[in-house]
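Novice: Numbering (the numbering used here), first residue to last: 4 to 438. Built from N, CA and C at the ideal position, the CB exists for glycine as well. Here's a structure for you.
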């Protein structure tokens with residue numbers, strides 16, 4: 004599934020207080036709350052089409068607060084929620100939709116002038132178009148006034164006329180009148196005028212959801228939150244939309260809703276790290292700054308239930324190892340809550356870089372790192388790596404296997420803590436040094 008499916012969480016009623024547009028449909032009891040900036044970007048006719056709207060009221064100011072009442076029978080609530088889900092995510096679970104629901108959604112998408120959604124609906128219709136399904140498609144398209152769909156299905160029926168006529172129960176589905184209409188049309192059927200009914204023949208309408216969310220974050224229209232940075236070297240705050248961030252994880256929801264001032268500070272996160280996090284939340288960008296990714300791992304992944312970005316952070320770090328960043332990166336690989344095979348590989352990679360560029364790296368700075376247990380272990384592993392990377396004599400060659408085990412000892416020790424067999428865990432280098 005393409006798009007940004009995680010934004011489906013914006014449909015959660017818990018976020019209603021963070022939305023600035025309230026929508027109702029005459030004759031429906033439910034009121035729907037939506038973020039104005041996303042709807043204006045993704046489907047502006049929902050706010051502009053006077054043929055759909057009975058009453059619209061906008062509050063003065065820069066908050067974007069607005070109420071809209073749609074005319075009766077404009078949408079069913081089921082279809083309206085599907086339209087919103089598409090606006091938020093750029094995709095829908097078409098394979099779970101009933102045919103009538105799909106066709107009603109197509110009709111609404113066409114009314115709203117939403118070409119990408121029209122394309123996705125039409126593509127799904129072509130995917131399910133068979134000799135068995137064509138009867139129901141023709142019948143429902145006729146009932147709903149979807150002439151283009153009816154024409155498509157009719158062409159398919161004419162191209163498969165013998166099978167169509169021989170189908171048991173087909174006439175009972177469409178009725179004698181529609182069958183006679185198709186039979187008469189068949190008399191004027193020309194092979195050169197047939198419609199290519201395959202999904203691949205449909206002109207593609209590009210998906211713009213990622214670019215739309217990039218613009219939403221950049222423009223900050225109706226932004227109602229600020230991330231602040233106590234560091235005096237950073238004068239700039241980052242504006243964001245609270246509903247988008249709060250929808251991402253439960254801990255982020257708790258952070259956003261617990262602060263009435265709408266200004267937030269995440270301890271340990273730099274400006275760059277926070278910006279990268281917002282870009283991931285908004286439009287799924289996984290190109291993190293290497294040092295910023297270290298801060299995200301230590302100060303956000305566990306705290307805000309962001310385990311799904313851990314591998315992306317590790318990858319960004321591994322491609323951005325430098326002399327200046329190597330010690331900060333190496334320290335992250337020893338944090339006990341993140342001992343994964345990918346993290347072990349990253350440590351090996353960083354130690355190799357430190358060893359090969361030893362004279363360019365501020366090794367004494369390791370003494371100031373916290374916690375001290377990690378600093379001790381880092382120094383021990385750095386010395387190990389330098390020792391085994393230097394010109395080898397026969398005794399060092401024999402010790403290669405020992406070195407490989409030593410480099411990954413933190414991961415092994417972490418796993419041994421919960422060993423059900425009660426095997427003693429391996430002593431780390433820091434403890435050996437203290438002895």
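To the nearest angstrom, report how far apart residue 117 and residue 83 are at their CA atoms.
Specialist: Sequence index remark: in the chain shown, residue 117 carries index 114 (1-based). Sequence index remark: in the chain shown, residue 83 carries index 80 (1-based). Distance between the alpha carbons of residue 117 and residue 83: 13 Å.
Novice: For the candidate residues 186, 73, 301, whose alpha-carbon lies nearest to that of residue 331?
Specialist: Counted from its first residue, the chain shown places residue 331 at position 328. Nearest option by C-alpha distance: 301.
Novice: Skipping 5 residues on each side, what residues in its chain have a beta carbon closer than 6 Å to that of residue 109?
Specialist: For the purposes of this step, residue 109 is taken as the residue at position 106 of the chain shown. Cβ within range, chain order: 124.
Novice: Tell me whether residue 101 is buried or exposed, calling it buried when 16 or more other Cβ atoms sit within 10 Å of its Cβ.
Specialist: Sequence index remark: in the chain shown, residue 101 carries index 98 (1-based). By the neighbour-count rule (16 or more Cβ atoms within 10 Å), residue 101 is not buried but exposed.
Novice: Report buried or exposed for residue 370, applying the criterion of at least 16 other Cβ atoms within 10 angstroms of its Cβ.
Specialist: Along the chain shown, one-based indexing puts residue 370 at 367. It counts as exposed.
Novice: Roughly how many whole angstroms lie between the Cα atoms of residue 307 and residue 353?
Specialist: Here residue 307 refers to the residue found at position 304 when the chain shown is read from its first residue. Here residue 353 refers to the residue found at position 350 when the chain shown is read from its first residue. The alpha-carbon atoms of residue 307 and residue 353 are separated by roughly 27 Å.
Novice: When the distance is taken between beta carbons, is residue 228 closer than 9 Å to residue 242?
Specialist: Taking the first residue of the chain shown as 1, we reach residue 242 at position 239. Taking the first residue of the chain shown as 1, we reach residue 228 at position 225. Taking 9 Å as the Cβ cut-off, residue 242 and residue 228 qualify as a contacting pair.
Novice: Compute every distance between the C-beta of residue 361 and the non-hydrogen atoms of the ligand ATP, then say whether any falls below 8 Å.
Specialist: This structure lacks the ligand ATP; in fact it carries no ligand of any kind.
Novice: Suppose you measure from the CA of residue 265 to the CA of residue 277; what does that come to, to the nearest Å?
Specialist: Indexing the chain shown from 1 puts residue 265 at position 262. Indexing the chain shown from 1 puts residue 277 at position 274. So the two alpha carbons sit approximately 16 Å from each other.
Novice: Inspect the CB distances between the region 203-211 and the region 255-269 and report whether three or more fall short of 8 Å.
Specialist: Too few Cβ pairs lie closer than 8 Å, so no.
Novice: Could you give the distance in angstroms between the alpha-carbon of residue 333 and the alpha-carbon of residue 356?
Specialist: Counting from 1 along the chain shown, the entry for residue 333 is found at position 330. Counting from 1 along the chain shown, the entry for residue 356 is found at position 353. Spanning the two alpha carbons is a distance of roughly 10 Å.
Novice: Would residue 303 pass as a contact of residue 323 if the rule is Cβ separation under 9 Å?
Specialist: Counting from one through the chain shown, the residue named residue 303 turns up at place 300. Counting from one through the chain shown, the residue named residue 323 turns up at place 320. Taking 9 Å as the Cβ cut-off, residue 303 and residue 323 do not qualify as a contacting pair.
Novice: Considering residue 36, what are the terminal residues of the beta strand (DSSP E) in which it resides?
Specialist: Position 33 of the chain shown, counting from 1, holds the residue named residue 36. Per DSSP, residue 36 belongs to the beta strand (DSSP E) from 34-37.
Novice: Quick check: what's the CA-CA separation for residue 139 versus residue 79?
Specialist: On the chain shown, position 136 is the one that residue 139 refers to. On the chain shown, position 76 is the one that residue 79 refers to. When rounded, the distance between both Cα atoms is 21 Å.
Novice: Excluding sequence positions up to five away, which residues of its chain have a Cβ less than 6 Å from the Cβ of residue 145?
Specialist: Taking the first residue of the chain shown as position 1, residue 145 is located at position 142. Closer than 6 Å at the Cβ level, and outside the excluded window around residue 145, lie 153.
Novice: Along the chain, where does the alpha helix (DSSP H) containing residue 355 start, and where does it finish?
Specialist: Here residue 355 refers to the residue found at position 352 when the chain shown is read from its first residue. Counting along the chain, the alpha helix (DSSP H) containing residue 355 begins and ends at 344-359.
Novice: Around the C-beta of residue 29, are 16 or more other C-beta atoms found within 10 angstroms, so that it is buried, or is it exposed?
Specialist: Working through the chain shown from its first residue, we reach residue 29 at position 26. So residue 29 counts as exposed.
Novice: Enumerate in chain order the residues of its own chain whose CB-to-CB distance from residue 127 is below 7 Å, with the five nearest sequence positions on each side excluded.
Specialist: As a first step, residue 127 is located in the chain shown; it is residue number 124 there, counting from the start. Excluding residues within five positions, the ones whose Cβ falls inside 7 Å are 97, 105.
Novice: For residue 190 and residue 14, I'd like the C-alpha separation in whole angstroms.
Specialist: The residue given as residue 190 occupies position 187 in the chain shown. The residue given as residue 14 occupies position 11 in the chain shown. The straight-line gap from Cα to Cα measures roughly 50 Å.
Novice: For residue 23 and residue 388, what's the separation of their Cα atoms in angstroms?
Specialist: As a first step, residue 23 is located in the chain shown; it is residue number 20 there, counting from the start. As a first step, residue 388 is located in the chain shown; it is residue number 385 there, counting from the start. Looking at the two C-alpha atoms, the distance is approximately 57 Å.
Novice: Are the Cβ atoms of residue 313 and residue 267 separated by less than 9 Å?
Specialist: Taking the chain shown and counting its residues from 1, one reaches residue 313 at position 310. Taking the chain shown and counting its residues from 1, one reaches residue 267 at position 264. Cβ distance not < 9 Å, so residue 313 and residue 267 don't count as in contact.
Novice: One question on the structure: do residue 89 and residue 39 come within less than 9 Å of each other, judged by their Cβ atoms?
Specialist: The sequence position of residue 89 within the chain shown is 86, counting from 1. The sequence position of residue 39 within the chain shown is 36, counting from 1. No, these two residues do not count as a Cβ contact at 9 Å.
Novice: On the three-state DSSP scale, how would you describe residue 68?
Specialist: Position 65 of the chain shown, counting from 1, holds the residue named residue 68. Reduced to three states, the DSSP call for residue 68 is coil.
Novice: Taking 9 Å as the cut-off, decide whether the C-beta atoms of residue 9 and residue 251 are in contact.
Specialist: Counting from 1 along the chain shown, the entry for residue 9 is found at position 6. Counting from 1 along the chain shown, the entry for residue 251 is found at position 248. It is a contact, given that the beta carbons lie within the stated cut-off.
Novice: On the criterion of 16 or more Cβ atoms from any shown chain inside 10 Å, does residue 103 qualify as buried, or is it exposed?
Specialist: In the chain shown, counting from the first residue as 1, residue 103 sits at position 100. Exposed: under 16 other Cβ atoms inside 10 Å.
Novice: If you check the beta carbons only, do residue 67 and residue 225 fall under 9 Å apart?
Specialist: The count along the chain shown starts at 1 and reaches residue 67 at position 64. The count along the chain shown starts at 1 and reaches residue 225 at position 222. Yes.
Novice: Any idea which residues DSSP pairs residue 61 with across the strands?
Specialist: On the chain shown, position 58 is the one that residue 61 refers to. According to DSSP, residue 61 bridges with 69.
Novice: Rounded to whole angstroms, what is the Cα-Cα separation between residue 194 and residue 174?
Specialist: Residue mapping note: residue 194 aligns to position 191 of the chain shown, counting from 1. Residue mapping note: residue 174 aligns to position 171 of the chain shown, counting from 1. If you take the alpha carbons of residue 194 and residue 174, they lie about 24 Å apart.
Novice: Out of 233, 203, 310, 42, state which residue places its alpha-carbon closest to the alpha-carbon of residue 86.
Specialist: As a working mapping, residue 86 is identified with position 83 in the chain shown. For the residues 233, 203, 310, 42, the minimum Cα distance to residue 86 belongs to 42.
Novice: What separation, rounded to the nearest whole angstrom, lies between the Cα atoms of residue 18 and residue 248?
Specialist: For the purposes of this step, residue 18 is taken as residue 15 along the chain shown, with counting starting at 1. For the purposes of this step, residue 248 is taken as residue 245 along the chain shown, with counting starting at 1. Distance between the alpha carbons of residue 18 and residue 248 is about 10 Å.
Novice: Are the beta-carbon atoms belonging to residue 349 and residue 377 less than 9 Å from one another?
Specialist: Position 346 of the chain shown, counting from 1, holds the residue named residue 349. Position 374 of the chain shown, counting from 1, holds the residue named residue 377. Result no, Cβ atoms of residue 349 and residue 377 do not sit closer than 9 Å.
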